[in-house]
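See below for the structure under consideration.
Chains as they are written, first to last, in my numbering: chain A, 5 to 117; chain B, 130 to 239.
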């Protein structure tokens, strides 16, 4: 069936380096994608989103890239900081009943000094 | 502005017991959701509501019931808890752009 998944379960990054977190999706009908950050003991926190009519969107220190040809989504974090250590989820919406998002399992990002 | 508040934060139940998880939001959002999160899996939608007095089934609704009597509150009930319902439960409400999550309820069923 259709699914959203992440390539790497754990990503170790040195403080100050850039992080890239990848996500593959298989539903070509998905029209909206979101990245969430989840710190230990807390709920997911919205980071950035992108609609399917866009290829790139930038926020503060974060950039999301969407490649519809290969159904791939990535989150880039510039100058990774210790506070960026968390689990990052991608989620897709199929355009039906907004909010019924399909979430990936998550990638654990560990920032080392 | 508290956002989305879930109570309780932790609970241990014995098989067969019942309980209600409370979610409250102060953002006047119409849409509210209940998810469960299990190790190695993404968040899975249990039930959701598109407005006061309405509820609908999500991906994994069996064993759960919900009620939305007031716009700001969304209750998740377990009538007869089972060990398979051991999980972390997240409530969320939605504005125009994104889901806003609470900090979760960790439930253990023994």
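The beta-carbon is built from N, C-alpha and C at its ideal position, and this holds for glycine as well.
{"Item": "Take residue 56(A) as the anchor and find which of 80(A), 35(A) and 73(A) has the nearest alpha-carbon.", "Value": "35(A)"}
{"Item": "Helix, strand or coil, according to DSSP, for residue 44(A) in the structure here?", "Value": "coil"}
{"Item": "By a C-beta neighbour count over all protein chains shown, 10 Å radius and 16 as the cutoff for buried, is residue 12(A) buried or exposed?", "Value": "With a pLDDT of 47 at residue 12(A), under the threshold of 50, the modelled position of this residue cannot be trusted; read the value that follows with caution. It counts as exposed."}
{"Item": "Taking the straight line between their C-alpha atoms, what separation do you get for residue 203(B) and residue 117(A)?", "Value": "42 angstroms"}
{"Item": "If residue 185(B) sits next to residue 144(B), beta carbons under 8 angstroms apart, how far is it from one beta carbon to the other, in whole angstroms?", "Value": "The pair is not a contact, with the Cβ atoms about 28 angstroms apart (cut-off 8 angstroms)."}
{"Item": "For residue 206(B), which residues in the same chain have their Cβ closer than 6 angstroms to its Cβ, ignoring the five residues on either side in sequence?", "Value": "149 and 194"}
{"Item": "Using a Cβ-Cβ distance cut-off of 9 angstroms, determine whether residue 133(B) contacts chain A.", "Value": "yes"}
{"Item": "Rounded to the nearest angstrom, how far is the Cβ of residue 52(A) from that of residue 61(A), given a contact under 8 angstroms?", "Value": "6 angstroms"}
{"Item": "Is the stretch 169-185 of chain B touching the stretch 130-144 of chain B, taking contact as three or more C-beta pairs under 8 angstroms?", "Value": "no"}
{"Item": "Does DSSP put residue 163(B) in a helix, a strand or coil?", "Value": "strand"}
{"Item": "Within its chain, find whatever has a CB closer than 6 angstroms to the CB of residue 155(B); leave out the 5 residues flanking it on each side and keep chain order.", "Value": "131"}
{"Item": "Give the secondary structure of residue 89(A) by DSSP, where H, G and I count as helix, E and B as strand, and everything else as coil.", "Value": "coil"}
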